[in-house]
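Chemist: One structure is given below, represented as structure tokens, and several questions about it will come after.
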Amino acid sequence: MESAQKAYIDGDFLKASEISKNIGTFDGFILAAEALIIHGEHIALRAQKQQIFLNVIDLSEKSLKLQPNNPDALALHIRALGRYTQLLPPGRALHEGYGDRIKKLLDTLLRLAPNSWKGHLGYGAWHAEIVVKGGLPGKLLFGASERKAAYHFNKTLELNRNSFIVNYEVAQELYTLNLNKFKSQIIKLLRNSDTLLATDSYERILLKKSRELLVKLSGSW
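Next up, the structure:
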């Protein structure tokens, strides 16, 4: 695992994923999925993303077979499903049952770990995705709302406010949900991110994107 972890820290996420996947252990599958999803989110070309996220789903399912009730494995599986469905037309994602499938997984995660910031971030993102893309039918079908999304994002911050990743991810989700309504909070979160230490290549990627968004919204960082 040491060579895989080094590749991850250095920002060679594909190498980290390949090495750790071949180890075949729970920790190996988790690191492989984590590294590959970062590559898919921030480095891969759009044409490559769908297959990458399908591969992450497969890796996270393998980790869940080894530890079915592990909150980190569940959170990673939910994140992979969410990223994959974001690439589908909204109607198709709902028709194929992804909204309900992800909600059930989130319910399980928060039952197992009520104070999981990853679970609350995921639930907020679930609400936001349906509000933005599902329209009225999606909101009526699932009971999704902007208010519930904001609740889960605030809960995420309450649980892990000093995390660089949390501040950036919540800011990004609020930006997607309703920029006009949450602009001042988004700017505050991005400025707070800038005061926290980026400890590895992934966080340095997010730092760059955080500063770019902050400049876009406020003219400076």
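Following the working numbering, the numbering of the sequence shown begins with 3 at its first residue and continues without gaps. Think of the CB as a built atom: it goes at the ideal place given N, C-alpha and C, for glycine as much as any other residue. Because the structure is a prediction, the values reported are computed rather than measured.
According to the Cβ coordinates, are ALA82 and VAL58 closer than 7 Å?
Modeler: Yes; because the gap between Cβ atoms is below 7 Å, this pair is in contact.
Chemist: Mind checking which residues open and close the alpha helix (DSSP H) that includes ILE54?
Modeler: Unbroken alpha helix (DSSP H) run through ILE54: 48–68.
Chemist: Secondary structure at THR197, three-state DSSP: helix, strand or coil?
Modeler: Three-state DSSP puts THR197 in a helix.
Chemist: I want to see whether chain D comes within less than 7 Å of ALA37, judged by CB atoms only; does it?
Modeler: Here chain D cannot be found, since the structure has a single protein chain.
Chemist: Would you kindly report the start and end of the unbroken alpha helix (DSSP H) that includes ALA127?
Modeler: Note, ALA127: alpha helix (DSSP H), 119–131.
Chemist: Measuring only the C-alpha atoms, how far is TYR100 from THR87?
Modeler: Cα to Cα, TYR100 sits roughly 7 Å from THR87.
Chemist: In whole angstroms, what separates the C-alpha of THR158 from that of ILE25?
Modeler: When rounded, the distance between both Cα atoms is 32 Å.
Chemist: In terms of residue numbering, what span does the alpha helix (DSSP H) encompassing ASN156 cover?
Modeler: Taken as a continuous stretch (DSSP letters only), the alpha helix (DSSP H) holding ASN156 covers 148–162.
Chemist: Is the region 105–113 in contact with the region 58–69, if contact means three or more CB pairs nearer than 8 Å?
Modeler: Because the criterion of three Cβ pairs below 8 Å is not met, the region 105–113 and the region 58–69 do not touch.
Chemist: Tell me whether the beta-carbon of HIS41 lies closer than 7 Å to the beta-carbon of LEU16.
Modeler: Going by C-beta atoms, HIS41 is nearer than 7 Å to LEU16.
Chemist: Taking 7 Å as the limit between beta carbons, can you name the residues of its chain near ALA245, skipping five residues before and five after?
Modeler: What is shown of the chain runs 3 to 223, which leaves residue 245 out entirely.
Chemist: Do SER195 and SER212 have their C-beta atoms within less than 7 Å of each other?
Modeler: Cβ distance < 7 Å, so SER195 and SER212 count as in contact.
Chemist: Can the beta-carbon of GLY121 be found closer than 7 Å to that of LEU111?
Modeler: Yes. Within cutoff.
Chemist: Determine the DSSP secondary structure at GLY99, reduced to helix, strand or coil.
Modeler: Three-state result, GLY99: coil.
Chemist: Under 7 Å between the Cβ atoms of GLY136 and PRO92?
Modeler: In this structure, PRO92 lies closer than 7 Å to GLY136 by Cβ.
Chemist: In the DSSP assignment, find the unbroken alpha helix (DSSP H) run with ILE39 in it and report its ends.
Modeler: Taken as a continuous stretch (DSSP letters only), the alpha helix (DSSP H) holding ILE39 covers 28–44.
Chemist: How far does the alpha helix (DSSP H) with VAL217 in it extend, from its first residue to its last?
Modeler: Taken as a continuous stretch (DSSP letters only), the alpha helix (DSSP H) holding VAL217 covers 203–220.
Chemist: Is any non-hydrogen atom of the ligand ATP found closer than 6 Å to the C-beta of GLY145, if you look at the structure I gave you?
Modeler: By its list of ligands, the structure shown contains no ligand whatsoever, and the ligand ATP lies outside what it can speak to.
Chemist: I think LEU123 touches GLU171, with their Cβ atoms under 8 Å apart; what is that distance to the nearest whole Å?
Modeler: Their Cβ separation, rounded to whole angstroms, is 6 Å, which keeps LEU123 and GLU171 in contact under 8 Å.
Chemist: Does SER165 come out as helix, strand or coil in the three-state DSSP assignment?
Modeler: SER165: coil per DSSP, three-state reduction.
Chemist: Tell me, to the nearest whole angstrom, how far the beta carbon of ASN162 is from that of TRP119; I am working on the premise that it is less than 8 Å.
Modeler: Indeed they touch by this definition, with Cβ atoms about 4 Å apart.
Chemist: Which word fits VAL217, buried or exposed, when buried means at least 16 other C-beta atoms lie within 10 angstroms of its C-beta?
Modeler: Classification for VAL217: exposed.
Chemist: With distance defined between alpha-carbon atoms, name the residue in GLU4, ALA6 and TYR10 nearest to ARG206.
Modeler: It is TYR10 whose Cα lies nearest to the Cα of ARG206.
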